[in-house]
Amino acid sequence: MQSTTQTLTFPVTGMTCAACAMSVESIIGAQKGVDKAEVNYASQSVKVAFHPDSIQPANLQKAVQSIGYDLILDIKNGKALQDEAHRISYHLLKTNIIWAAALTIPVVMIGMFGMELPYANYLMMALTAPVLFLFGRGFFTGAWKQAAHGKANMDTLVALSTGIAFLFSVFNTLNPDFWHRRGLHPHVYFEAAAVVIVFIMLGKLLEERAKSNTSSAIKKLMSLQPNTVLLITAEGEKETAVSAVQVDDQILVRSGEKIPVDGVVYSGWSFIDESMISGEPVPVEKKEGSLVFAGTINQKGSFKFKAQKVGSNTLLAQIIRRVQDAQDSKAPLQKLVDKIAGIFVPVVMGVALLTLGTWLFLGGQYGLSYGLLAMVTVLVIACPCALGLATPTAIMVGMGKGAENGILIKDAEALELGHKVNAIILDKTGTLTEGHPQVTDFFWSPTATNRQQLHAVFLEMEKQSEHPLAAAIVAYLQKDQPITIQIDGFESLTGMGVRARFAANSYQAGSHKLVDQNQLTIPTALNNNIEELLKQAKTVIYFGNEKEVLAIAGITDRIKENSAKAVKALKDEGIQVYMLTGDNKVTAAAIAAQAGIEHYQADVLPSAKADFVKQLQQQGKVVAMIGDGINDSQALAQADVSIAMGKGSDIAMDVAKITIVSSDLLQVPKALRLSKLTVQTIRQNLFWAFIYNLIGIPLAAGILYPINGFLLNPMIAGAAMALSSVSVVGNSLRLKLAKLS
394 MQSTTQTLTF
404 PVTGMTCAAC
414 AMSVESIIGA
424 QKGVDKAEVN
434 YASQSVKVAF
444 HPDSIQPANL
454 QKAVQSIGYD
464 LILDIKNGKA
474 LQDEAHRISY
484 HLLKTNIIWA
494 AALTIPVVMI
504 GMFGMELPYA
514 NYLMMALTAP
524 VLFLFGRGFF
534 TGAWKQAAHG
544 KANMDTLVAL
554 STGIAFLFSV
564 FNTLNPDFWH
574 RRGLHPHVYF
584 EAAAVVIVFI
594 MLGKLLEERA
604 KSNTSSAIKK
614 LMSLQPNTVL
624 LITAEGEKET
634 AVSAVQVDDQ
644 ILVRSGEKIP
654 VDGVVYSGWS
664 FIDESMISGE
674 PVPVEKKEGS
684 LVFAGTINQK
694 GSFKFKAQKV
704 GSNTLLAQII
714 RRVQDAQDSK
724 APLQKLVDKI
734 AGIFVPVVMG
744 VALLTLGTWL
754 FLGGQYGLSY
764 GLLAMVTVLV
774 IACPCALGLA
784 TPTAIMVGMG
794 KGAENGILIK
804 DAEALELGHK
814 VNAIILDKTG
824 TLTEGHPQVT
834 DFFWSPTATN
844 RQQLHAVFLE
854 MEKQSEHPLA
864 AAIVAYLQKD
874 QPITIQIDGF
884 ESLTGMGVRA
894 RFAANSYQAG
904 SHKLVDQNQL
914 TIPTALNNNI
924 EELLKQAKTV
934 IYFGNEKEVL
944 AIAGITDRIK
954 ENSAKAVKAL
964 KDEGIQVYML
974 TGDNKVTAAA
984 IAAQAGIEHY
994 QADVLPSAKA
1004 DFVKQLQQQG
1014 KVVAMIGDGI
1024 NDSQALAQAD
1034 VSIAMGKGSD
1044 IAMDVAKITI
1054 VSSDLLQVPK
1064 ALRLSKLTVQ
1074 TIRQNLFWAF
1084 IYNLIGIPLA
1094 AGILYPINGF
1104 LLNPMIAGAA
1114 MALSSVSVVG
1124 NSLRLKLAKL
1134 S
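Add 393 to the 1-based position in the sequence shown for this note's numbering, that's all there is to it.
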């Protein structure tokens, strides 16, 4: 009889690279009673399928701890504990770098300019020891734990090269006569060891900073739901927790409150901001029979509704779950350096041992001394400083270059993938358009006399109106500094508009329904304007007296000035451009035509946007999603490269890995160009780091000694190592001079 299998997901702490994720996955997968272990580096978690009667989570934790990482068993509070552990780890790393750098600077100064000082070697030894074994001890403990399980990574090479360079220097400091008797000068490499530790620690800090803190987006999504609701019971209104709400419970929502669960209105009337779902800025009218959704915001009216979906079944809960799934489904970023380290480390160790063995066997009376010297030189010259700096320095400069241009990049993965993008999905509202309704057209009837007075009447009526579009009309009419008047008899006409009196005349403003209801005449000249506005998918607001329409206002969410230019620039790069919107088909067609986009979809829900991203990915495309709203968060999380508009929602910016501060779409081609330049720089850095090792290691091993008696001095090897690092940093700094347009 087979035992039951339990599947749990545990947060993991301490992982800093894809190789770490592989180590955690292999150690858990090797435990007896574990069927399968899947580590997700993006979400810093591991999903484990195991048999509880064979192994307990505590045993898994011990196994993970044995290789230098940790498993958080408190799943309920796991994310909070993981965030706290990450915060503490980051703070500790930052502190260690500051202290290590403070001690390293004088070591370098002495090594370069003060070797003739009394006790210079002893002073450098005293300063270098804490850099390696106190502030940089993580490299040595990590290497030891990896070695205990027969594994090697970058920590191994860092610990080995710096540790041997330090011990060799200590030996030379305490026993200089050993080399003097053999006619050799005892060089020390304290400054090389200290500098390597500081540089590699800096690279780790950059990686930590670049990690996407996706949990903040989830927290903000969760905060969209209120904690309490007003239940309508037989005894009256009763405040209760949202978690206690049941299907068919009756709930009262007042002006300005958030909707707690999904349901249907049975009494009252209001406008609700549903931009979370549709992305559209104009609130939606709700009356008896209308559906309402958790997380949306009630505007000015109040209403009662009956709960239909609660808890994990609400649309908001589904959005949260889809965002989490999209983030967790990302494959770990396989860093080229981490892959190489797995091969490079054992190869270098093997070459170093082979060098010593060859010298012992063929070197004669100087075999031991020359062999030791050559072995240390191999390890010093093969130090991974240039290799370790190749990626982080280029990314750091690339991020800085982006920031100078208003492109904020918070994850190195986006910078590495951007140049591969061949499909871009654009949200409409707030991305292609301004993101809020504006009056773009205004026409008076030829029969409208005393327009200054009528202008003031229209303005005062809209000031008192609760309709969502009233603010746009007020903003437009106020520009002309109208005269001040006092209207009376103001009346709100549900679903149609408003009515008021001034100077014994009755005036009304609102939708076409109001015009039909009151049988108002529309002058022929205005009719032509109305037809044109409707063709452009604009909303028309009518203003008139008791007999005829006196003026009309065309309202739309206007397309941004640079949107069409940006779309053309992207298409010129061979990138396919798509537009997805929650708006209606007529408006979507009009905006797509103005922007020059052939592929678009209207009436798209948040989940459908994410599904469309998946479809393109399944076709082999590298997809970038550009949005600004909560409704875009699922698609942003699913996309290979996610870009948020800086003037959009905090949640979109938290999920996205790139933010365009100005919300100008013309910055997107620049961001992709920056990615291309950064990746080119990384490849150049890695090329030079490997060429340097390819030439340097054989020279250090003494390959030329049998030919011309040349044996590379370890001091020169240390200088060459430093020069390789300088060349990598210098090449990365060239990015600052690059043009992005």
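Idealized CB from N, CA, C, for every residue including glycine.
**Report entry** Own chain residues within Cβ distance below 7 Å of Leu520, not counting five before or after
**Finding:** Walking along the sequence shown from the start, residue 520 turns up at place 127. Only Leu496, Pro499 and Val500 meet the Cβ criterion.
Query - Boundaries of the beta strand (DSSP E) in which Leu1087 is found, first to last residue - result: Counting from 1 along the sequence shown, the entry for residue 1087 is found at position 694. Residue range Gln1060 to Ala1094 is occupied by the alpha helix (DSSP H) that includes Leu1087, with no beta strand (DSSP E) assigned at that position.
Query raised in the report: On the three-pair Cβ rule with 8 Å, is the segment 642 to 651 touching the segment 622 to 630?
Result: Yes: the two stretches touch, three or more of their Cβ pairs being nearer than 8 Å.
Query - Rounded C-alpha distance that separates Gly688 from Lys697 - result: Locating residue 688 in the sequence shown gives position 295, where the first residue counts as 1. Locating residue 697 in the sequence shown gives position 304, where the first residue counts as 1. C-alpha of Gly688 to C-alpha of Lys697: approximately 16 Å in a straight line.
Query - With 16 other Cβ atoms within 10 Å as the buried cut-off, status of Tyr659 - result: On the sequence shown, residue 659 is found 266 positions in, with the first residue counted as 1. Per the 10 Å Cβ criterion, exposed.
Query raised in the report: Does the ligand SAM have even one heavy atom less than 8 Å from the beta-carbon of Ala1037?
Result: For the ligand SAM, the structure offers nothing, since it holds no ligand at all.
**Report entry** Touch test, the segment 1041 to 1054 against the segment 1020 to 1029, Cβ-Cβ under 8 Å, three pairs minimum
**Finding:** Below 8 Å, enough C-beta pairs join the segment 1041 to 1054 and the segment 1020 to 1029 to call them touching: three or more.
Requested in this report: May I ask you to report which of helix, strand or coil DSSP gives Lys604?
Outcome: On the sequence shown, residue 604 is found 211 positions in, with the first residue counted as 1. The predicted model places Lys604 with a pLDDT of 49, which falls under 50 and marks its position as unreliable; any figure quoted below should be read in that light. The answer is coil: DSSP assigns Lys604 none of H, G, I, E or B.
Query - Own chain residues within Cβ distance below 6 Å of Val867, not counting five before or after - result: Within the sequence shown, the letter at position 474 stands for residue 867. Glu855 and Lys856.
Requested in this report: Could you check which residue in Val832, Tyr483, Ile557 and Gly507 has the C-alpha nearest to that of Ile774?
Outcome: Residue numbering aside, residue 774 sits at position 381 when the sequence shown is read from its first letter. The option with the nearest alpha carbon to Ile774 is Ile557.
Report task. Could you check which residue in Leu927, Asn911, Ala745 and Ile817 has the C-alpha nearest to that of Thr833? Result -> Position 440 of the sequence shown, counting from 1, holds the residue named residue 833. Of the candidates Leu927, Asn911, Ala745 and Ile817, the one whose C-alpha sits nearest the C-alpha of Thr833 is Leu927.
Requested in this report: Only counting runs of 3 or more residues, tell me where the beta strand (DSSP E) segments fall wholly within the segment 1014 to 1040, in order along the chain.
Outcome: If only uninterrupted beta strand (DSSP E) runs of at least 3 residues are considered, those enclosed by the segment 1014 to 1040 are 1016 to 1020 and 1034 to 1038.
Query raised in the report: According to DSSP, is Trp537 helix, strand or coil?
Result: Position 144 of the sequence shown, counted from the start, is the residue given in the question as residue 537. Reduced to three states, the DSSP call for Trp537 is helix.
Query raised in the report: Can you tell me where the beta strand (DSSP E) with Asn898 in it begins and where it stops?
Result: The count along the sequence shown starts at 1 and reaches residue 898 at position 505. Where Asn898 is concerned, the enclosing beta strand (DSSP E) starts and stops at Asn898 to Gly903.
Report task. Can you tell me which of Lys1069, Ile802, Ala767 and Leu1104 puts its alpha carbon nearest to the alpha carbon of Ala1037? Result -> Your numbering for residue 1037 matches position 644 in the sequence shown. Ala1037 has its Cα closest to that of Ile802, out of Lys1069, Ile802, Ala767 and Leu1104.
Report task. Round the Cβ separation of Ile665 and Gln701 to the nearest angstrom and send it over; I've been treating them as touching at under 8 Å. Result -> Against the sequence shown, residue 665 aligns to sequence position 272. Against the sequence shown, residue 701 aligns to sequence position 308. 16 Å between Cβ atoms; not a contact.
**Report entry** Own chain residues within Cβ distance below 7 Å of Thr887, not counting five before or after
**Finding:** In the sequence shown, residue 887 corresponds to position 494, counting from 1. Residues Trp662 of the same chain have their beta carbon placed closer than 7 Å to that of Thr887, with the five preceding and five following residues left out of the count.
Query - Neighbour-count burial assignment, Phe403, 16 or more Cβ in a 10 Å radius - result: The residue you call residue 403 lines up with position 10 of the sequence shown. Buried, by the Cβ-count rule.
**Report entry** Rounded C-alpha distance that separates Phe836 from Glu853
**Finding:** Looking up residue 836 in the sequence shown gives position 443. Looking up residue 853 in the sequence shown gives position 460. Computed Cα separation, rounded: 18 Å.
Query raised in the report: Count the other CB atoms within 10 Å of the CB of Ala724; is the residue buried (16 or more) or exposed (fewer)?
Result: Within the sequence shown, numbered from 1, the residue matching residue 724 stands at position 331. With a pLDDT of 37 at Ala724, under the threshold of 50, the predicted position of this residue should be treated as unreliable, though the coordinate-derived value follows. It is exposed - the Cβ of Ala724 has fewer than 16 other Cβ atoms within 10 Å.
Query raised in the report: Relative to the C-alpha of Gly882, which residue among Val891, Val589 and Ala918 is closest?
Result: For the purposes of this step, residue 882 is taken as the residue at position 489 of the sequence shown. Nearest of Val891, Val589 and Ala918 to Gly882, Cα basis: Val891.
Report task. State the beta-bridge partners of Gln941 as determined by DSSP. Result -> Here residue 941 corresponds to residue number 548 of the sequence shown, with the count starting at 1. The identity of residue 941 in the sequence shown is Glu, whereas the question assumes Gln. In the DSSP assignment, Glu941 forms a beta bridge with Thr914.
Query - Own chain, CB closer than 6 Å to Asp1033, minus 5 neighbours either side, in chain order - result: Along the sequence shown, read from residue 1 onward, the residue named residue 1033 stands at position 640. So the list reads Leu810, Val1015 and Val1016, once near-sequence residues are dropped.
Report task. Measure how close the beta-carbons of Ala959 and Pro1062 come, nearest whole angstrom, since I'm counting them as under 8 Å. Result -> Here residue 959 refers to the residue found at position 566 of the sequence shown. Here residue 1062 refers to the residue found at position 669 of the sequence shown. 7 Å between Cβ atoms; contact.
Query raised in the report: Is the beta carbon of Asn470 less than 9 Å from the beta carbon of Gln424?
Result: Reading the sequence shown from its first residue, position 77 is the one you call residue 470. Reading the sequence shown from its first residue, position 31 is the one you call residue 424. Contact flag unset, no.
Requested in this report: Give the C-beta separation of Thr1052 and Leu1128 to the nearest angstrom, bearing in mind that I take them to be a contact with Cβ-Cβ under 8 Å.
Outcome: One-based indexing of the sequence shown puts residue 1052 at position 659. One-based indexing of the sequence shown puts residue 1128 at position 735. A Cβ-Cβ distance of about 20 Å is found for the pair Thr1052 and Leu1128, leaving them out of contact under the 8 Å criterion.
Report task. Sort out for me which residues DSSP pairs Arg894 with in a bridge. Result -> Residue numbering aside, residue 894 sits at position 501 when the sequence shown is read from its first letter. Residue pairing by DSSP puts Arg894 in a beta bridge opposite Asp881 and Ser899.
**Report entry** Buried or exposed (CB count within 10 angstroms, at least 16 for buried), His573
**Finding:** The residue you call residue 573 lines up with position 180 of the sequence shown. Its Cβ having fewer than 16 others within 10 Å, His573 is exposed.
**Report entry** Burial state of Asn568, where buried means 16 or more other Cβ atoms lie within 10 Å
**Finding:** Taking the sequence shown and counting its residues from 1, one reaches residue 568 at position 175. Sixteen is the threshold: since fewer than 16 other Cβ atoms of the shown chains lie within 10 Å of the Cβ of Asn568, the residue is exposed.
Query raised in the report: Is the segment 937 to 948 in contact with the segment 895 to 907, if contact means three or more CB pairs nearer than 8 Å?
Result: Yes: the two stretches touch, three or more of their Cβ pairs being nearer than 8 Å.
Query raised in the report: For the putative contact between Ala1003 and Gln1027, defined by C-beta atoms under 8 Å, what is the C-beta separation to the nearest angstrom?
Result: Taking the sequence shown and counting its residues from 1, the one referred to as residue 1003 is at position 610. Taking the sequence shown and counting its residues from 1, the one referred to as residue 1027 is at position 634. For a cut-off of 8 Å, the C-beta gap from Ala1003 to Gln1027 is around 4 Å, short enough to register as a contact.
Query - Contiguous alpha helix (DSSP H) assignments of at least 4 residues, all confined to the segment 549 to 604 - result: With a minimum length of 4 residues, the continuous alpha helix (DSSP H) runs that stay inside the segment 549 to 604 are 570 to 573 and 583 to 603.
Query raised in the report: Okay, do the segment 500 to 510 and the segment 529 to 539 touch, 3+ Cβ pairs below 8 Å being the bar?
Result: Between the segment 500 to 510 and the segment 529 to 539, the count of Cβ pairs shorter than 8 Å is below three; the stretches do not touch.
Report task. Check Met1046 in the structure and name its three-state DSSP category. Result -> The residue you call residue 1046 lines up with position 653 of the sequence shown. Three-state DSSP puts Met1046 in a helix.
Query - Cβ pair count under 8 Å reaching 3, the segment 1072 to 1080 against the segment 787 to 800 - result: Under the Cβ criterion (8 Å, minimum of three pairs), the segment 1072 to 1080 counts as touching the segment 787 to 800.
Query raised in the report: Run through DSSP, which three-state label would Met508 get?
Result: Within the sequence shown, residue 508 is the residue found at index 115, counting from 1. In this structure, Met508 counts as coil in the three-state DSSP scheme.
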